[in-house]
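Protein chains: 2
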Amino acid sequence: MAEPAQRTLKPRKRPVQARSTASVAAILEATLQVLLEVGKERLTTTRVAARAGVSVGTLYQYFPNKSALLQAVLRDHLDGVARAVEAASQAHRGETPQAMAKALVTAFLKAKLSRVEASKALYSVSDDVDGGKVVAEMGVRSHAAIVAMLKTANKPLATRVETVASVLQGIMAGVSRRMLESGYPEGQVSSLSRELIVVACAYVRASC
Amino acid sequence: MAEPAQRTLKPRKRPVQARSTASVAAILEATLQVLLEVGKERLTTTRVAARAGVSVGTLYQYFPNKSALLQAVLRDHLDGVARAVEAASQAHRGETPQAMAKALVTAFLKAKLSRVEASKALYSVSDDVDGGKVVAEMGVRSHAAIVAMLKTANKPLATRVETVASVLQGIMAGVSRRMLESGYPEGQVSSLSRELIVVACAYVRASC
DNA sequence: AACTTAGATGAAGAAAGCTTCAGTTTAGGA
DNA sequence: TCCTAAACTGAAGCTTTCTTCATCTAAGTT
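Residue numbers (this note's numbering), protein chains in the order written: chain A, 1212 to 1419; chain B, 1212 to 1419.
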């Protein structure tokens, strides 16, 4: 009857000495590698520990359960993207909507593409019950930043800024995902990057 | 040792009598319901069977394994969307790129929104190893249809039609997903629908 | 050097859910 | 009506993977 054993926990123990910090880093890195190599379905805590060069017990000393481990990795990655979006939103206040859109897309892509492999590997995690929450959180963060930026535009938008922000987020997420998952044939990526800027700019222009 | 055990199988048995056809339909419908109610993580074959009013054994008579069951449901749904896209692409040959974009988006949304609940429930399935293939297949189908349509545009595009098609697909997928997953506060949907048309039209206009 | 706390280990317990199959019921033709 | 094949049933086997914990080693302190 007791409803669940909380699924979202903080690290069980905080690293104090140097070696434990190294273990945590190794575990996170190993998780990403295993995710890429065998996929989420075949990722087991034992396998991750082995890859990290530690024992399962050690893994469980820092992550209360498998779900928390996956969440931590996902959060790490999305946090980087959210930071990039927030920084860009801060840096381009007061400009034209078009300039904002371009800056936003550029920052987003740079963050995403700086760790292409991680991005791809994490798509499978982001749709889990657990991952969903993390994605949503980060989505809200980015949304707030974009809205704040748009409000300072030197040229007013005809559409609600919240709507514009949502659409921009949808565009970026959708096109970039397609870009990454299409086994990107080399030049495909740079090509779609350019297109993404075209889309975003054309959209905000149409919304003025 | 034996790696294989094929994951993508045809129905184990083809329905012959009326009652078995009914069972299959009930199972598919039940899968969708269970998916919505408890999510993919807690979806078990036994639970699906119970909901469908049959026994697990019956379920396994038509679906070789859990994965195939999920795939079948996903395929059913995406097939509807792909059909809509193909029909629209066929019906709007020779028009302007803008008209095409608008028609495309409209058809896509109509198909997606006609079964909002199913759409939402299936996002969690589409990222599994198994689901991925189905999504990719349908993506290719839609892509081919859109490309064929764009080639007949009465006003040439400055960008490769394949690229334009990919971007349009990315836009539609990204924005609609955001629409559905944001707990859509009623008017949100119609609002974003309008925006999606704006985005698509603005983009193709910019690509002329 | 002795002591204390942090960190690491991995065999084994326990839960969970998929899948099977031997046996039973139902449908429809001869 | 009788018979054969299609359908259905569901308890139980089997596998898999998560998670724990008693025990051991390393680090830092006095």
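C-beta atoms are modelled at their ideal positions from N, C-alpha and C, and glycine is treated no differently.
Backbone CA spacing between residue i and residue j [nearest angstrom]
{"i": "B:G1305", "j": "B:A1299", "result": "12 Å"}
{"i": "B:V1400", "j": "A:L1361", "result": "22 Å"}
{"i": "B:S1325", "j": "B:A1295", "result": "11 Å"}
{"i": "A:I1382", "j": "B:G1381", "result": "7 Å"}
{"i": "B:T1317", "j": "A:A1413", "result": "19 Å"}
{"i": "A:V1386", "j": "B:A1229", "result": "45 Å"}
{"i": "B:F1319", "j": "B:P1308", "result": "16 Å"}
{"i": "A:T1232", "j": "A:G1268", "result": "15 Å"}
{"i": "B:Q1244", "j": "A:P1275", "result": "31 Å"}
{"i": "B:K1344", "j": "A:T1370", "result": "38 Å"}
{"i": "B:P1367", "j": "B:R1416", "result": "11 Å"}
{"i": "B:V1327", "j": "A:T1242", "result": "34 Å"}
{"i": "B:V1265", "j": "A:A1310", "result": "59 Å"}
{"i": "A:L1246", "j": "A:K1277", "result": "13 Å"}
{"i": "A:V1259", "j": "A:S1330", "result": "18 Å"}
{"i": "A:V1282", "j": "A:S1393", "result": "What sits at residue 1282 of chain A in the sequence shown is Gln, not Val. Roughly 25 Å separates the two Cα atoms."}
{"i": "A:C1419", "j": "B:V1346", "result": "35 Å"}
{"i": "A:E1422", "j": "A:A1302", "result": "Absent from the model: residue 1422 of chain A. The displayed extent of chain A is 1212 to 1419, so no value can be given."}
{"i": "B:S1234", "j": "A:E1248", "result": "39 Å"}
{"i": "A:G1398", "j": "B:N1365", "result": "28 Å"}
{"i": "B:L1254", "j": "A:Y1273", "result": "29 Å"}
CB contact below 8 Å: residue i versus chain B
{"i": "A:D1338", "result": "yes"}
{"i": "A:I1382", "result": "yes"}
{"i": "A:Y1414", "result": "yes"}
{"i": "A:S1377", "result": "yes"}
{"i": "A:E1406", "result": "yes"}
{"i": "A:R1286", "result": "no"}
{"i": "A:V1410", "result": "yes"}
{"i": "A:A1417", "result": "yes"}
{"i": "A:V1386", "result": "yes"}
{"i": "A:R1389", "result": "yes"}
{"i": "A:G1398", "result": "no"}
Within-8 Å CB hit, residue i to chain A
{"i": "B:S1335", "result": "yes"}
{"i": "B:S1401", "result": "no"}
{"i": "B:T1257", "result": "no"}
{"i": "B:T1374", "result": "yes"}
{"i": "B:V1252", "result": "What sits at residue 1252 of chain B in the sequence shown is Glu, not Val. With 8 Å as the cut-off, B:E1252 counts as an interface residue toward chain A."}
{"i": "B:L1220", "result": "Here the model assigns B:L1220 a pLDDT of 43, short of 50, so the residue's position is not dependable and the matter cannot be decided."}
Nearest-angstrom beta carbon gap, residue j and residue i [assumed within contact, 8 Å]
{"i": "A:A1332", "j": "A:V1292", "result": "Not really, about 14 Å apart at Cβ, beyond 8 Å."}
{"i": "A:R1389", "j": "B:A1384", "result": "7 Å"}
{"i": "B:A1161", "j": "B:I1238", "result": "Any answer about residue 1161 of chain B is impossible in this case: the structure gives chain B only from 1212 up to 1419."}
{"i": "A:D1339", "j": "B:E1252", "result": "7 Å"}
{"i": "A:E1406", "j": "B:V1409", "result": "Wrong, their Cβ atoms sit about 17 Å apart, outside the cutoff."}
{"i": "A:L1315", "j": "A:A1411", "result": "7 Å"}
Close-in-space but distant-in-sequence residues of the same chain around residue i (CB under 8 Å, 5 per side omitted)
{"i": "B:E1297", "result": "R1352, S1353, A1356"}
Own chain residues within Cβ distance below 7 Å of residue i, not counting five before or after
{"i": "A:V1358", "result": "V1372, E1373, A1376"}
{"i": "A:L1403", "result": "V1386, M1390"}
{"i": "B:G1250", "result": "S1335"}
{"i": "B:T1363", "result": "R1304, G1305"}
Close Cβ partners of residue i (< 6 Å) along its chain, the five nearest in sequence each way excluded
{"i": "B:G1342", "result": "L1285, V1336"}
{"i": "B:M1349", "result": "L1289, A1293"}
Any non-hydrogen atom of the ligand ATP within 7 Å of residue i CB
{"i": "A:Q1244", "result": "As presented, the structure is devoid of all ligands, the ligand ATP included, so that no description of it is given."}
- [ ] Any chance you could list the alpha helix (DSSP H) runs of at least 4 consecutive residues sitting entirely within the stretch 1289–1336 of chain B, in chain order?
- [x] With a minimum length of 4 residues, the continuous alpha helix (DSSP H) runs that stay inside the stretch 1289–1336 of chain B are 1308–1324.
- [ ] Jot down the residue ranges of each uninterrupted alpha helix (DSSP H) in the stretch 1328–1407 of chain A, minimum 4 residues, whole runs only, in chain order.
- [x] Within the stretch 1328–1407 of chain A, the complete alpha helix (DSSP H) runs of at least 4 residues are 1340–1362, 1372–1392.
Open item on the list: As an exercise, report each continuous alpha helix (DSSP H) stretch of at least 4 residues that is fully enclosed by the stretch 1227–1278 of chain B, in chain order.
Closed with: Taken in chain order, the complete alpha helix (DSSP H) segments of 4 or more residues contained in the stretch 1227–1278 of chain B are 1229–1249, 1256–1263, 1267–1273.
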